[in-house]
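What follows is a single structure, written as structure tokens, with notes after it.
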Amino acid sequence: MTMIWGYVMRITGQPRKRGSFLRILLLGLAAARPVFAQGLTESIENALNVGGGKFNIDLRYRFEYVDQANLPEVAKADTLRARIGYLTPTFQGFQAFAEYEGTQDIFSNDYNSTWNDKTRHPVISDPQKNEVNQLWIAYSGVPETVFKVGRQRIIFDNHRFIGNVVWRQLEQTYDSIVITNTSLPDTTITAGYLWKVQDVTSRTIGMNSPVFNIAYTGFPYGKLIVHGEWLDYDNARESYPTQTFNTLSNSTQTVGVRFEGTTSLTDNIKALYAAEYAWQEDYADNPKDFKVDYWMAEGGLDLWGFVFKGSFEELGSDNGQGFRTPLATLHAFQGWADKFLVTPPDGIRDVYGTLKTSLYGVDIWFVYHDFRDDTGNIRYGEEFDVQVEKKFGKHYALLFKFADYNSSNPKAFAGNVDTQKWWLQMGISF
Numbered sequence: 001m002t003m004i005w006g007y008v009m010r011i012t013g014q015p016r017k018r019g020s021f022l023r024i025l026l027l028g029l030a031a032a033r034p035v036f037a038q039g040l041t042e043s044i045e046n047a048l049n050v051g052g053g054k055f056n057i058d059l060r061y062r063f064e065y066v067d068q069a070n071l072p073e074v075a076k077a078d079t080l081r082a083r084i085g086y087l088t089p090t091f092q093g094f095q096a097f098a099e100y101e102g103t104q105d106i107f108s109n110d111y112n113s114t115w116n117d118k119t120r121h122p123v124i125s126d127p128q129k130n131e132v133n134q135l136w137i138a139y140s141g142v143p144e145t146v147f148k149v150g151r152q153r154i155i156f157d158n159h160r161f162i163g164n165v166v167w168r169q170l171e172q173t174y175d176s177i178v179i180t181n182t183s184l185p186d187t188t189i190t191a192g193y194l195w196k197v198q199d200v201t202s203r204t205i206g207m208n209s210p211v212f213n214i215a216y217t218g219f220p221y222g223k224l225i226v227h228g229e230w231l232d233y234d235n236a237r238e239s240y241p242t243q244t245f246n247t248l249s250n251s252t253q254t255v256g257v258r259f260e261g262t263t264s265l266t267d268n269i270k271a272l273y274a275a276e277y278a279w280q281e282d283y284a285d286n287p288k289d290f291k292v293d294y295w296m297a298e299g300g301l302d303l304w305g306f307v308f309k310g311s312f313e314e315l316g317s318d319n320g321q322g323f324r325t326p327l328a329t330l331h332a333f334q335g336w337a338d339k340f341l342v343t344p345p346d347g348i349r350d351v352y353g354t355l356k357t358s359l360y361g362v363d364i365w366f367v368y369h370d371f372r373d374d375t376g377n378i379r380y381g382e383e384f385d386v387q388v389e390k391k392f393g394k395h396y397a398l399l400f401k402f403a404d405y406n407s408s409n410p411k412a413f414a415g416n417v418d419t420q421k422w423w424l425q426m427g428i429s430f
């Protein structure tokens with residue numbers, strides 16, 4: 001721990017002193033041995049099975065630090081996220097689920113949560129809020145079909161177009177109806193209609209958005225996916241008139257096709273590959289007129305547990321509008337420093353390499369990104385990312401994560417400045 005702390009202090013330039021977040025982390029580590037005892041874990045699991053259904057409990061503590069060159073203050077956030085829910089047993093084909101979610105500042109709250117007007121600090125999108133995260137009812141009485149209606153988690157494929165933003169403390173969920181059918185061989189058809197999205201800042205934005213996803217797994221070398229999203233956003237300023245964001249520019253219609261798979265070359269070597277194309281244009285009340293493309297290609301090898309991948313992702317631009325995926329789990333793409341949550345007006349081309357492995361039960365990631373506009377002529381910057389995670393069985397995890405974005409052209413788009421972020425995190429989930 002002393003070695004990790006010293007490394008963190010060197011990369012951030014902060015004085016070497018232990019803050020409140022580290023005391024909590026050390027307490028968690030000290031308590032790890034008795035908490036992780038198998039007998040106690042099984043007792044907790046059994047206690048959560050009630051009435052033929054099951055309670056779920058999720059606790060996640062995180063310290064996040066952000067140093068952004070264009071702001072006078074750094075951001076520090078100590079937050080604890082708690083979720084508790086109950087899944088009923090199935091009765092006559094019906095099942096229901098309800099889940100509460102809340103985030104609490106513990107010690108340091110020197111950050112811009114997007115609600116607290118601390119604009120001298122960088123944004124950390126984990127506001128202190130309490131909300132109904134999920135509340136749905138499902139019916140599976142029709143053969144090979146499930147109907148689900150209410151506030152629910154929706155994830156399509158790799159989260160690139162629709163996801164739940166699992167990284168942030170508050171989850172992104174959807175007020176929607178979703179139908180899933182598996183009656184065709186090797187095929188899963190999902191169709192939905194979304195009328196609200198509750199985002200990671202606990203804002204609920206109205207929309208009228210049909211979506212679909214069709215996945216076919218009958219090919220010998222991978223899975224073929226066809227998807228479509230017709231996102232018709234309401235004007236967020238009508239609900240939040242004091243806020244400065246405009247959701248109408250996210251109204252887009254998108255259709256895409258993806259292929260992904262793995263092939264064993266030997267007993268210990270696998271080839272990894274994926275490719276995707278999508279087309280997008282303005283939709284509904286979007287004030288701009290545009291047509292843009294999305295391209296992605298990825299290839300790599302898994303060599304005795306060491307995964308090497310090279311990837312290319314391009315989000316095009318037209319008429320000052322970049323290709324947008326506002327419902328994606330955006331943190332998973334284009335670097336963990338989150339500099340490209342909104343695609344720049346000139347688009348973005350991200351060429352990146354990934355190394356992932358596991359040593360002594362510790363998962364380690366290294367990622368390098370080179371960012372340019374969609375022509376490749378304007379270089380935005382580069383980013384180095386590192387993540388180290390240790391899981392203790394199914395229920396406990398510790399994580400350290402670091403992102404270092406170096407801007408090459410601060411005038412390329414608003415906010416294109418040097419940014420460093422790092423995180424320490426503990427999680428308990430049943």
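So the sequence shown is residues 1 to 430, counted in this note's numbering.
Just so you know, even glycine gets a beta-carbon here, dropped at the ideal spot from N, CA and C.
This structure is a prediction, so every number in the text was calculated from the model and none was measured.
The DSSP-derived three-state label of residue 377 is coil.
By the Cβ criterion, the region 47–61 is not in contact with the region 114–132, since fewer than three pairs of Cβ atoms, one from each stretch, lie closer than 8 Å. Put simply, the backbone Cα of residue 359 is about 20 Å away from that of residue 368.
When Cβ pairs closer than 8 Å are counted between the two stretches, the region 191–199 is seen not to touch the region 263–280, the count staying below three. Going by DSSP, residue 43 is part of the alpha helix (DSSP H) stretching over 38–47. In the displayed model, residue 328 falls within coil according to three-state DSSP, outside both helix and strand. If you draw a straight line from the Cα of residue 300 to the Cα of residue 385, it comes to about 18 Å. Using a 10 angstroms sphere on the CB of residue 141, the tally of other CB atoms stays under 16, which defines it as exposed. In the DSSP assignment, the residues bridged to residue 401 are 387 and 423.
Apart from the 5 residues on each side of it in sequence, residue 356 sits with its Cβ closer than 6 Å to the Cβ of 307 and 365 in its chain, given in chain order. The C-beta distance from residue 371 to residue 395 rounds to 37 Å, too long to meet the 8 Å contact threshold. According to the DSSP secondary-structure assignment, residue 352 is paired through a beta bridge with 311 and 369.
Within the DSSP bridge table, the entry for residue 53 names 50 as partners.
Note: residue 145 is bridge-paired with 181 in the DSSP secondary-structure output.
The Cβ-Cβ distance between residue 383 and residue 363 does not fall below 8 Å.
Residue ranges of uninterrupted beta strand (DSSP E) with 3 or more members, entirely inside the region 259–303 and ordered along the chain, are 269–282 and 291–303.
A distance below 6 Å between beta-carbons, with the five flanking residues on each side excluded, links residue 73 to the following residues of its chain, in chain order: 120 and 121. For residue 160, the CB contacts under 7 Å within the same chain, skipping 5 residues up- and downstream, are 325, 328 and 333 in chain order. Going by DSSP, residue 96 is part of no alpha helix (DSSP H) but of the beta strand (DSSP E) stretching over 94–110. When secondary structure is reduced to three states using DSSP, residue 239 falls in the helix class. Residue 392 and residue 49 have their alpha carbons spaced roughly 22 Å apart.
Listed in chain order, the non-local C-beta contacts of residue 350 below 7 Å within the same chain comprise 313, 334, 369 and 371, local neighbours out to five positions each way being set aside. Collapsing the DSSP output to three states places residue 125 in coil. Pairing residue 86 with residue 69 gives a Cβ-Cβ distance that is not under 8 Å. Residue 428 is bridged by DSSP to 59 and 396. Residue 416 and residue 410 have their C-alpha atoms spaced approximately 5 Å apart.
When DSSP reads this structure, residue 82 sits in a beta bridge with 59 and 102. Residue 246 carries a coil assignment under DSSP once its states are collapsed to helix, strand and coil.
Checking the DSSP bridge columns, you'll see residue 338 has no partner listed.
In chain order, 230, 231, 232, 251, 252 and 253 place their CB closer than 8 Å to the CB of residue 283, counting only its own chain and leaving out the 5 sequence neighbours on each side. Between the beta-carbon of residue 157 and that of residue 258 there is about 6 Å, and that keeps the pair under the 8 Å contact cut. Residue state for residue 162 is assigned as coil, using DSSP reduced to three classes. Beta bridge pairing from DSSP links residue 231 with 252. Between residue 112 and residue 124, the C-beta gap is smaller than 8 Å, which places the two residues in contact.
Shown here for residue 214: same chain residues with a beta carbon closer than 6 Å to its own, the five before and five after excluded, namely 189 and 226 in chain order.
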